[in-house]
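Visitor: Can you keep this structure in mind? I'll have questions shortly.
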Amino acid sequence: MKQPRLKRRPSMSELPMLTIHPAGAGSGKTYKIQKTLGEWVKEGKVAPEKIVAVTYTETAAAELVGRIREELVQEGMLDEAFRLESAYISTIHGFGRRILQEFAFDAGISPTLRKISKDEETMLAGKVLAGSPSAVGLMETLEEDGYGFNFGTKATAEDGFRKRLLNITDQLRSLSGATSPEWLEERTGKKIADVYGGIEDAETLKAALLRAVENTLEAFPLDISNTYDLKAGPKKKVWNNYRLLKRASRSTTLDTDWKLWHKLSQLHFYKKDEPLPKDYNDHIVKVIATAERLVYHPGPLADAQEHAARLLRAAGETLAGYEKEKGKRGLLDFMDMLSISYRLFKEHPEVLALFRRRMECLVVDEFQDTSPLQFSLVWSLRKTEPTVPAIVVGDVKQAIMGFQNADERLLAEMSNKYPTSPLEGNWRSSPELMRWINQVGGAMFHEGYTALEAKAEFRSTMKPLEIIAAAEPLKEAAWASYTVNRIQELIATKQQVWDKKLNVHRDIRGGDIAIICYKNKRLTFYAEALRKAGIRCRLEEEGWLDSRIVQLAWHCLAYVADPGDRHAALYLASTELGTGSLQSALTGLMERGAVGDRILEKLEGVAERPKDRTVDAILDDIVTTLDLYGTIAGWPDGAEARADLLKLQDECIQFMTSSREALSSGGYYGSGIKTFLAWLKAKMEATDSAGRENNTRPSPSIIDEEAVQLMTWHKSKGGEWPVVAVCGMDDGEFPRLPNTKVDYDDFSDLDTIMDHAWVRIHPKFHSKEKSDTFVEDLKPESHENSKRLLYVALTRAREKVILEWPEYLPKTKGKWQGTYWAEFCRAAKAEVTPTGMSIEGMEFSCPVSTITLKTGIEIEAASTESSLPVFGRRAIRRSTMPETLTPEAVRPSSLHNDSGAAGTPREDIQYGNGFSIDIPGVDDPMEKGKILHRAFELLSGHPEREELLAGAFEGLLAPGQLKPVYEAVRAFDSWLGSRFTAITRHAELPLLALDASGSVVAGFTDLVVETEDALWIVDHKSDQVKTDELLEERFNIYLPQLRCYADALAAARPDKPVKGLMLNWVSFGRVSVVQYSTK
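Counted from 1, the sequence shown has number 513 at position 513 by full-length UniProt numbering; the numbering is strictly sequential.
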C-alpha cells in the first residue's frame, strides 16, 4: 500500500464551476466521473463526505462509491475512504429521502414516516376520488365524454376514467404546486385550441346539416329498407340510415351530439348498379358532406377544453385529498421524496444554506433521463453563492425515459448555454462495429451526433453486422425460430469472442448473447425457441403464481388452513407428491367421503401443530415435511422451481412484516393462511409503483454464463454483450389518444423552469379527421423517441449486431410507417443491398439471410439423454443424518416438543376464573393471542395503566369486554405477589446469547420476575386448554421454548440463577410451573 498523501485544505475555487460531458454509448462516462472525483479527493480539493452525486440506479451509485473507495485505499487514504460512506451518493429518490430524514422537522413532517403500501395507495385513491366533487360530476357523463368498455383489457368506462384521472394526478404531483390551477387550465385549453385549428359558425354548420337531413326525410319520409330488393347487409345499413336521420331531425340533438354528427358522416350509400333510387343516394351524399364539416365546428373544441379543465380540477382535488390522507397516516411515497424536498429548499432558504455547507461538489449522471422536478431539486443546490463545482454527464440520443416525465430538452438547453466537453472515445465496441454505429448515429442525428473514436484494444473475429431479412410476413414465433437458429449456429460452430476480464479470445457462450425486443411479451417466443434448442436463457417471465411448485405449495397451505378443502385435497393427491390419480382420488371421495392420501396425512400433521405459528413458519413446516426442495432438485427445471419457492417464502415474510393497518386498508384482516392467500393473489394481479408486473418469475441464479439474456430495449440500456440480436423491428411507437404529458413552455431560464410547467392534453374526438390532426401533432415527438430508442438498442453490442429486417412491411395494410423498421429506414436512410447494408449511401458488407417462407424453421429439439447438471442440491449425496447439527441461529419461539412427555415434574395452580372474549372481525387465534399478550404486557405490575388499555384497543374491545381482562391481570398479579417477593419485573425482555452448541439465540421473553435470589421466566399463552390432557400436551410442546429462554437468560445473568419456568394460561386463570436446572 502506498504511503498516505499530504493533504491540504479543500479549495473549491480551483475547480471548474460547471462541466458538461455529452457522453455517447460506450464512452466511459462512469469511469470519467470516478476518476474526476477520485482525483479531487486525493488532491484535497473536495472532502469525500461532501460529495453529492445523483445516479440513475442504486447499482450505479454503489459501483461509483466502490470505485472511488478502491482508489483511495490504494493511495493509503484510509480515513478518506471511510468518510466516503457519509457522502450523498445515491439515486435521486434516495437523495430526496435522506434530505427528508435529516430535515424532517424543517419540512413539517414526521421523522418516522412510513412508505405507503400498494393496499394503502389503492384505498386512499378510492377514498379521495369519491370525495372529489369534480370527479363525481365527471363520472355522471362518462359516455358523453367518450369513455366506454374496453374489450381488449376488459376495463369498464369507470376503470378507464379512474386510470386516466389518477395518471393526470400523478403528473400534477410532478409539478410540485409550482403553477396555479387557473393558469394550468388556461394553458392546456390554449394548446387544444391551437392544434384543433380553424372553426366556423356553429349555427351555420348545424343549419346546413339539419336542412340536408330534413330534405332527405321529406323525400323519403319512411324506411325504404324493405321496399327494394336488398341483401341482408345493405338492408340493415339503409334501415340504420333512416334511424339516424330521424334522431338528427329533432330540434336540439345536433347542438351537442357529436357522435351523431360522426355517424351521419358515415351513412351508407351506393355508388353504382344499385336498386335504390338515384335521388336517395344524392340526398345521403349531401348529408354526409355537411356532417363532415364537424371538423370546423367549435362545439367539440369547447367540450374538449371543458373536459380537460374538469379533469385538471378533479385531479387537483384528488391530489389535495391524497396528500391530506397520507399526512394523517404518516405515509410517504416516491414522489414525496422529490416534491417535498424541492419545496423545502425553495421555501426555507436557511435549510438550503445549511445543507450547502455539507457539500463541496455536485454530480448528475444520466442527465438526459432527469425530469424537471428532479433537475430543479439538484439545481437549487447551485443557486446560492458560492456556487459549487458541478459535473453533468448525459446523452440526448439516449433519452428514452419520457414516460417517467424525463425531458431531454433540459440537457439540450444546458449544452446550448454552457461550454461542453464531449467524451469522444468508445471503449465498448470493436473498431469494425464502431464504423457502422458512427454512420448510423450521424445519419439519424446529424449535427447532434459526435463520432466516437474506437478505443477498444481488441480485434473481433466475427462480422460486425448480420441481417436476417423476411420477404414475407412472419408471426412472432416464426421470427424467433430463425433468430434462435442463427444463435444456435454461432454456439455450435464455437465462434470466438473477446473476454474483457481475461483479455483473450475464447468460445462463445450463451451468456455472451442478448436478444432484445421492444415489448417484453414478444420475448417469450424467443425463450420458448431457445429452450427447445437446449439453450438456457434468462427472462423476467410472468406467471409466477401459476408455476408448478407455487401451485403445489399454495394448495398445501390451503389444505393446512382447512383440511376440509376438497379441491385442495384432490389437487394434491393427483400430483407427483400424491400416490394416485385424479380418478382414484375422486373415487375415494365419493365412496369413503375422503380423498385419503399420504401427502394429506403429512399435511394434517402440520395442521395439528400449535395454532399461533406465523404463515411463514407454517410454510417452512410444509417445505420441510414434504422435502419440497429435495423433490424439485430432480426436476428438469429444478433451478427455476427453487427460485419460485424461495420467492413464495419471501412473500410470506413480507406479509407477516407488513403493517396491519396497511393490510386492513386493503381489506385484509388477520394474519392467517387464508388472508395471506387472498393478499398474495391480489398482489400478483397488480403492478408495482413503477408499473412493473409483480407476477414475474425470479431468475434461478444471479450469474449464469451459459444463459442467453432476454430483455426489452429499455432495460438493455446500460448493458453490453459481445453479440446482440435486435429483434421486433416490426413493432412501433404509435401515438394514441387521449394523450397527456407534462410539458414546459420555456427552458431559457433554468432557475425558474418549474414556473412554466403544465399538463398537455391531446383529447380524442368523434371525428376521425380531427383525431388524426391531434395524432399528427404528436408524431414529431414520436419520431424522435423512436430514433433514440433505436440508437440505444443498436449500440449494446461489443462485436456483433444481428438485425431482424422485416422488408415485407410496405406490402402490408397495417400502420407500418410507425414501425421501428420504417423509422430506421427513414432516419438512417438504411436499405439492404446485394452485398449488405447501405447507411446514407455508405456501403457495409455483411451477411444477409433472406427468408422467403411465411412459416418458421423447425428447431432441432435438445437431447434428452444427457444427465442433469450436477451442481447445487443435485450435487448433495444422500446419507444418514448426523445425530448433532449446530444451527447458525435459534428462535426460541420455533422450538416445540412433538414427542409427548416432557419428563419434568409440573405444578398446576389455579389463580383466577379465566375469561373468554369474542373480538368482532378477529377470528385468527394468533391475532387474539397478540391482543391478550399486549394486555398482560401493559397491565401486569401496573394497575394504573388500566385506562390506557381502552385507548390501545379502541375499536377492538367494547367497554364491557375490558372488565374481565382487568380482573384476569389483577388475579395473576395477586398470585404472583403472594408467591414471590419481586424486586422488579422485566416485560418483553430481549435476549441475545450463544447456547452450548454455539448457536445464536435471539428472542423476547414475555415476563421475567426477579427476586432477591433468583429469576423466573413467565410466558403468556392463550391456548384453549379445556382439559388436563390438553394442558399436559400443550405444556410439553412449549417446554423446549421456555428452556431455551432460560438457558439464554442464565448465560446473560451469571450473577443470579434462573430457578423456574411458568406458562400462564390466560384464558383459564391457571399457571403451570416447573423448576429449572442448567444440569
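Where a beta carbon is used, it is the ideal one built from N, C-alpha and C, also for glycine.
Hey, which unbroken runs of the alpha helix (DSSP H) at 4 residues or more fall wholly within the region 541-625?
Guide: 548-561, 566-573, 582-592 and 598-607
Visitor: Just grab the DSSP bridge partners of residue 446 for me.
Guide: Looking at the DSSP assignment, residue 446 forms no beta bridge with any residue, so it has no partner.
Visitor: Could you round the C-beta distance between residue 1083 and residue 993 to whole angstroms and report it? I think they count as a contact, below 8 Å.
Guide: Because residue 1083 is not part of the residues shown, which for the chain are 1 to 1079, the question remains open.
Visitor: Looking at the secondary structure, which residues open and close the alpha helix (DSSP H) in which residue 1035 lies?
Guide: 1028-1052
Visitor: Could you tell me the alpha carbon to alpha carbon distance between residue 332 and residue 338, rounded to whole angstroms?
Guide: 11 Å
Visitor: Based on Cα-Cα distance, which residue from 549, 284 and 232 lies nearest to residue 244?
Guide: 284
Visitor: Closest to residue 517 by CA distance: which of 735, 132, 1021 and 727 is it?
Guide: 727
Visitor: With H, G and I counted as helix, E and B as strand and the rest as coil, what does DSSP make of residue 825?
Guide: helix
Visitor: So, at 7 Å on beta carbons, what are the nonlocal neighbours of residue 971 in its own chain, with the 5 sequence-adjacent residues on each side left out?
Guide: 911, 912 and 1069
Visitor: Per DSSP, residue 467 is paired with what?
Guide: In the DSSP output, where bridge partners are listed per residue, residue 467 has 803 and 848.
Visitor: Check whether the Cβ of residue 655 lies closer than 8 Å to any Cβ atom in chain B.
Guide: Chain labels in this structure do not include chain B; a single protein chain is all it has.
Visitor: Starting from residue 88 and walking both ways along the alpha helix (DSSP H), at which residues does that stretch end?
Guide: Counting along the chain, residue 88 falls outside any alpha helix (DSSP H), though it belongs to the beta strand (DSSP E) covering 88-91.
Visitor: Whose C-beta lies closer than 7 Å to the C-beta of residue 102 among residues of the same chain, with five residues either side of it excluded?
Guide: none
Visitor: Along the beta strand (DSSP E) that carries residue 1016, what are the first and last residues, could you check?
Guide: 1015-1021
Visitor: Can you tell me whether DSSP reads residue 283 as helix, strand or coil?
Guide: helix
Visitor: Kindly indicate which residue of 161, 299, 96 and 1039 has the alpha-carbon position closest to the one of residue 201.
Guide: 299
Visitor: Taking residue 418 as the reference, give the member of 906, 888 and 20 with the closest Cα.
Guide: 20
Visitor: My guess is that residue 89 and residue 65 are in contact by the Cβ rule of under 8 Å, so how many angstroms apart are they, rounded?
Guide: About 5 Å; that satisfies the 8 Å criterion.
Visitor: What do you get for residue 1030, buried or exposed, if any count of 16 or more other CB atoms within 10 angstroms of its CB means buried?
Guide: exposed
Visitor: Using the three-state DSSP reduction, which class does residue 757 fall into: helix, strand or coil?
Guide: strand
Visitor: Using DSSP with H/G/I as helix, E/B as strand and the rest coil, what is residue 526?
Guide: helix
Visitor: If you draw a straight line from the C-alpha of residue 142 to the C-alpha of residue 311, how long is it?
Guide: 12 Å
Visitor: In this structure, what does DSSP give as the bridge partners for residue 85?
Guide: DSSP output for residue 85 lists no bridge partner at all.
Visitor: Please report how far the alpha carbon of residue 346 lies from the alpha carbon of residue 642, in whole angstroms.
Guide: 50 Å
Visitor: Beta carbon of residue 395, beta carbon of residue 23: below 8 Å?
Guide: yes
Visitor: Would you mind reading off the limits of the beta strand (DSSP E) that contains residue 1082?
Guide: Any question about residue 1082 goes unanswered here, given that the chain covers just 1 to 1079.
Visitor: Going by alpha carbons, who is nearest to residue 237 out of 207, 270 and 756?
Guide: 270
Visitor: What residue range is occupied by the uninterrupted alpha helix (DSSP H) comprising residue 779?
Guide: 768-794
Visitor: With distances taken from CA atoms, which of 432, 451 and 439 is nearest residue 462?
Guide: 432
Visitor: As a quick exercise: from 291, 1000 and 807, pick the residue whose alpha carbon is nearest that of residue 207.
Guide: Here the closest residue by C-alpha is 291.
Visitor: Can you check which of these residues, 557, 1049 and 144, is closest to residue 892 by C-alpha distance?
Guide: 1049
Visitor: Where does residue 864 fall in DSSP's three states?
Guide: Note on residue 864: pLDDT 44, under 50, position unreliable in the model; the coordinate value appears next. Of the three classes helix, strand and coil, the one that applies to residue 864 here is coil, per DSSP.
Visitor: Tell me whether residue 807, by its Cβ, gets closer than 7 Å to a heavy atom of the ligand PLP.
Guide: Looking for the ligand PLP in the displayed structure turns up nothing, as the structure carries no ligands at all.
Visitor: Can you tell me which of 259, 223, 262 and 256 puts its alpha carbon nearest to the alpha carbon of residue 246?
Guide: Comparing Cα positions, the closest option is 223.
Visitor: Would residue 864 be called buried (16 or more neighbouring beta carbons within 10 Å of its own) or exposed?
Guide: Caution applies to residue 864, whose pLDDT of 44 falls short of 50 and renders its modelled position unreliable; the model cannot decide the point.
Visitor: Ignoring anything shorter than 4 residues, give me the alpha helix (DSSP H) runs that lie fully in the region 157-209, in order along the chain.
Guide: Fully enclosed alpha helix (DSSP H) runs of no fewer than 4 residues occupy 157-175 and 181-196 of the region 157-209, in order along the chain.
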